[in-house]
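Report on the following structure.
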Amino acid sequence: MARAPWRRGLKRMTGAAVLVAVALTACGSVIKPQQADGGTAPAEMAALDRDRHVSTLAKSPGRRLPGAVVSARSDAAERPPFTMASLDPDPEPVLRQPVVPQQAAPSGRAVTQLVSFDTAPFPFEGTVPNRGPFLDAESGARKGHRTARGGVLWQDQTFGDDRVLLHIPAGFDPRRQAVMVVFFHGHGATLERDVRDRQRVAEQITASGANAVLVAPQFAYDARDSSAGKFWTERGFRNFLDEAGRKLASLRNDTGSARVFARMPVVLVAYSGGFVPAAWSLKDMGADSRMRGVLLLDALYGEEEKFATWIGTARSAFFVSAYTRYTQRHNANLKSMLAARGIASGTELGDSLSRGGVSFLATGSDAVHQDYVTQAWTEFPIKDVLARLPELYVRDPDTVASITPRSRRRERSADADPR
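When the count follows the working numbering, it moves up by one through the sequence shown with no breaks and lands on 421 for the last residue.
Encoded structure:
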């Protein structure tokens, strides 16, 4: 029996649709779904982070801008820089990254890699100072940590990632003066999505032209938490620096540079909720001359006494705290504490930080907390601070593209804690 023309047409259309789907699959193309609220599905957020408004960062060191710093994006509303961890009593564990052997790179070439550390902040099964066991919640065989907000963060979901982001720029020379930049992320962060790709910390170090390397440990994985883990313990941070030196030497495929990394000066950078491990790390280091300086990026939410004590004992090191309205009160408190101890501070950055000094940089009510690692008193503040240490200069600063994230999380009230 002859088929009706409409049936033959329908068959051709169906076959064509199948061929198109197969072709798209073969080419690696994937059609992304959208969330019910019209937002971007989580699967495509990482890809969109590279498709942003772009502006150029000048090669010369930046200068503090008068007044407020306005984000380059058109929508300047505050967004929370974190996501709440699941409080489901039995969620599916998310930390299933395969263990990748450390890959050595030929000396002189740039290398960026996530490396497992024995001394990483987590996993941690010790005690919280003046509180008790860190893992104080259970659900069957699972262990978790009760937060100050009354929730539970599970070890296998939030506190099981022992990886550290290491970065060595091309042209790094261990025979010359150098620094190890140790970066502590804030709430709701992962090393790949946030520290490496969104905040572009490794790129800022390369762009500075400084003889510097990056060491950035993972703290709570994508959760609203400031726990310091092993950095709460005696010699916790020192042991971490020791292992970082060995891993960096191995990453360069140059075991002879291990001694250089072992005594390399340290610049500690903390963003937002990273203030707790930063404060305890400074307490661990004390007056150790290895601490070259500290940069807080809207991160002074407390622990002023520990920061004041370190500043008072490390007079040759620099301390810079840039802040928005969220941490203004704590910065004023620390400034008063220092003044009472006879320690002067300023509100500007000089051309050089080589001789130390204390600076508090107010960035105004329009500064966006979520973008602060790339937009503070200037674009790329980590790059700017390193560029003010001329003894580290080894190459011309590079041009870096400023990318303002377009993906957004839930809006919060103006008075909410943005950590």
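Note that the Cβ used here is the ideal one computed from N, Cα and C, for glycine as well.
I need the boundaries of the beta strand (DSSP E) containing residue i, first residue and last residue.
i, result
"Trp156", "Val154 to Trp156"
"Lys145", "Arg144 to Arg148"
"Glu140", "Ala139 to Ser141"
"Arg165", "Arg165 to Ile170"
"Leu193", "From DSSP, Leu193 is part of no beta strand (DSSP E); its letter is neither H nor E."
"Leu116", "Val113 to Ser118"
"Leu216", "Ala214 to Pro219"
"Phe233", "Taken as a continuous stretch (DSSP letters only), Phe233 belongs to no beta strand (DSSP E), as it is neither H nor E."
"Phe136", "Element bounds for Phe136: n/a, residue is neither H nor E."
"Val184", "Val181 to Phe186"
Find the nearest neighbour of residue i within the set the options, judged by alpha-carbon distance.
i, options, result
"Ala316", "Ala301, Gly295 and Ala230", "Gly295"
"Glu306", "Phe320, Lys337, Pro125 and Asp398", "Lys337"
"Arg422", "Arg133, Leu297 and Asn255", "Residue 422 lies beyond the residue range present for the chain, which begins at 3 and ends at 421; the question has no answer from this structure."
"Phe161", "Leu167, His187 and Pro125", "Pro125"
"His332", "Ser356, Asp353, Thr349 and Ala301", "Ala301"
"Met293", "Ala281, Tyr303 and Val370", "Ala281"
"Ala246", "Val370, Ala230, Asp256 and Ala264", "Ala264"
"Asp224", "Val375, Leu193, Ala212 and Ala230", "Leu193"
"Val203", "Arg397, Asp398 and Glu381", "Glu381"
"Val360", "Gln377, Ala378, Leu394 and Phe321", "Phe321"
"Tyr374", "Phe309, Leu299, Arg397 and Thr329", "Leu299"
"Trp379", "His371, Leu363, Phe119 and Ser291", "Leu363"
"Pro123", "Thr311, Ala260, Ser283 and Val197", "Ser283"
"Val166", "Gln159, Phe119 and Trp312", "Phe119"
"Gly275", "Phe239, Phe309 and Ser229", "Ser229"
"Ser318", "Ala289, Arg327 and Gly344", "Ala289"
"Asp164", "Asp286, Gln372 and Val117", "Val117"
"Arg254", "Arg343, Ala324, Arg200 and Pro171", "Pro171"
"Phe309", "Arg327, Thr326 and Asp286", "Asp286"
"Val370", "Ala324, Met339 and Gly348", "Ala324"
"Val181", "Pro267, Tyr303 and Arg397", "Pro267"
"Ser347", "Tyr328, Ile313, Ser367 and Val271", "Ile313"
"Asp227", "Gln330, Trp156 and Asp244", "Trp156"
Could you please give me the residues that DSSP links to residue i through a beta bridge?
i, result
"Ser361", "Val322 and Gly348"
"Ala334", "Partner(s): none; Ala334 has no beta bridge."
"Gln377", "Glu381"
"Pro123", "Answer is none; Pro123 lacks a bridge partner."
"Tyr395", "Ala212"
"Thr160", "None; Thr160 has no bridge partner."
"Val370", "Answer is none; Val370 lacks a bridge partner."
"Thr129", "Pro135"
Which residue marks the beginning of the alpha helix (DSSP H) containing residue i, and which one marks its end?
i, result
"Val387", "Pro383 to Ala389"
"Leu253", "Gly238 to Leu253"
"Thr208", "Val203 to Ala209"
At a threshold of 6 Å, does residue i count as lining the ligand PLP (C-beta to nearest heavy atom)?
i, result
"Val181", "Only the bare structure without any ligand can be found here, which leaves the ligand PLP out of the picture."
Would you list, in sequence order, the uninterrupted alpha helix (DSSP H) runs of no fewer than 4 residues that lie entirely inside the segment 290-322? 306-315
Looking at C-beta atoms only, is the number of pairs between the segment 212-231 and the segment 240-250 that lie closer than 8 Å three or more? Here the segment 212-231 makes contact with the segment 240-250; the two share three or more CB pairs at distances below 8 Å.
Can you find at least 3 beta carbon pairs, one from the segment 141-160 and one from the segment 172-188, that sit closer than 8 Å? The segment 172-188 and the segment 141-160 do not touch, with fewer than three beta-carbon pairs separated by less than 8 Å.
Where are the alpha helix (DSSP H) runs, 4 residues long or more, that stay fully inside the segment 255-285, in chain order? 260-264
Are at least three pairs of beta-carbons, each pair with one atom in the segment 346-366 and one in the segment 374-392, less than 8 Å apart? yes
Contact between the segment 191-207 and the segment 376-388: three or more CB pairs below 8 Å? yes
Using 8 Å as the cut-off, can you tell me whether the segment 229-239 makes contact with the segment 255-264, which would need three or more C-beta pairs spanning the two stretches below that distance? Verdict: no, contact absent.
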